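Per the working numbering, the sequence shown starts with residue 135, numbered consecutively.
Virtual Cβ for every residue (Gly too), placed ideally from N, Cα, C.
Since the structure is predicted, the reported quantities are computational estimates derived from the model, not experimental observations.
Report on the following structure.
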Amino acid sequence: MNEENVKSIIALQRINNQLLGLVDSAKCKNDIKLREILDQLYAPYEKVESDYRNNHSFYNQYQFISSLYTYIVLPKESFFDSIPDDIETNSLKTQWGINKLQPSYKLKYFLRRLRNAVSHGEIEFTETIDFIFTDKNPRNKSDVFQVKLSVDELMNFTQALAYWCMTKDIELKELKKHNK
Numbered sequence: 135m136n137e138e139n140v141k142s143i144i145a146l147q148r149i150n151n152q153l154l155g156l157v158d159s160a161k162c163k164n165d166i167k168l169r170e171i172l173d174q175l176y177a178p179y180e181k182v183e184s185d186y187r188n189n190h191s192f193y194n195q196y197q198f199i200s201s202l203y204t205y206i207v208l209p210k211e212s213f214f215d216s217i218p219d220d221i222e223t224n225s226l227k228t229q230w231g232i233n234k235l236q237p238s239y240k241l242k243y244f245l246r247r248l249r250n251a252v253s254h255g256e257i258e259f260t261e262t263i264d265f266i267f268t269d270k271n272p273r274n275k276s277d278v279f280q281v282k283l284s285v286d287e288l289m290n291f292t293q294a295l296a297y298w299c300m301t302k303d304i305e306l307k308e309l310k311k312h313n314k
């Protein structure tokens, strides 16, 4: 899959997640009209493009798991080779959501292991919606990668990763931090 196709899929996934969030937030409003939801969905397009990129959020852990495929698995083949080899997760800006991981990992390694966990369905989530990713090396039983990310850490990480895939700006100059 080429880079432009992956960008289109990422953009579509973001719109789908935004729509899911809008519908979810309106579920208790008996008098809301579809037009109001659509106005909210399309409003970001009337602003500067960077504003739209920063208004993405997830509301459902099952939808989020399907989104992870788009954000982590698909870009692997098209984008991840251009990530610098020497970047450590603890050297990333707070906006990445993974800068406090212990231990720190090389970003490429972290993404590869996270990608493996997602693509093999090795994701669990706790009652507090923390996500646990596990990648077991089938050729070396002692090589097990496991990381637990809070929903906020994971939301920030996927935002940053999607932004990076679209812009290649590892410093995230235009990306606002997710606010719950």
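Residues bridged to Glu-287 (per DSSP): DSSP, once it has assigned bridges, lists no residue as partnering Glu-287.
Beta-carbon gap between Asn-250 and Ser-201 smaller than 7 Å: Pairing Asn-250 with Ser-201 gives a Cβ-Cβ distance that is not under 7 Å.
Under the three-state DSSP convention, the category Glu-222 falls into: strand
Residue(s) in a DSSP beta bridge with Lys-141: Looking at the DSSP assignment, Lys-141 forms no beta bridge with any residue, so it has no partner.
N-terminal and C-terminal residue of the beta strand (DSSP E) that Lys-210 is part of: Note, Lys-210: premise wrong, no beta strand (DSSP E); alpha helix (DSSP H) at 208–212.
From Asp-277, His-254, Lys-240 and Ile-266, residue whose alpha carbon lies closest to that of Leu-226: Lys-240
Contact check, Ile-232 vs Phe-279, beta carbons under 7 Å: No; because the gap between Cβ atoms is not below 7 Å, this pair is not in contact.
Straight-line Cα distance separating Asp-286 from Ile-263: In a straight line, the C-alpha of Ile-263 is about 9 Å away from that of Asp-286.
Range of the contiguous alpha helix (DSSP H) that encloses Glu-170: 168–176
Asp-269 (DSSP reduced to helix, strand or coil): strand
Distance CB(Cys-299)-CB(Phe-213) smaller than 7 Å: yes
Run of the alpha helix (DSSP H) containing Asn-164, from where it starts to where it stops: First-last for Asn-164: undefined, no H or E at that position.
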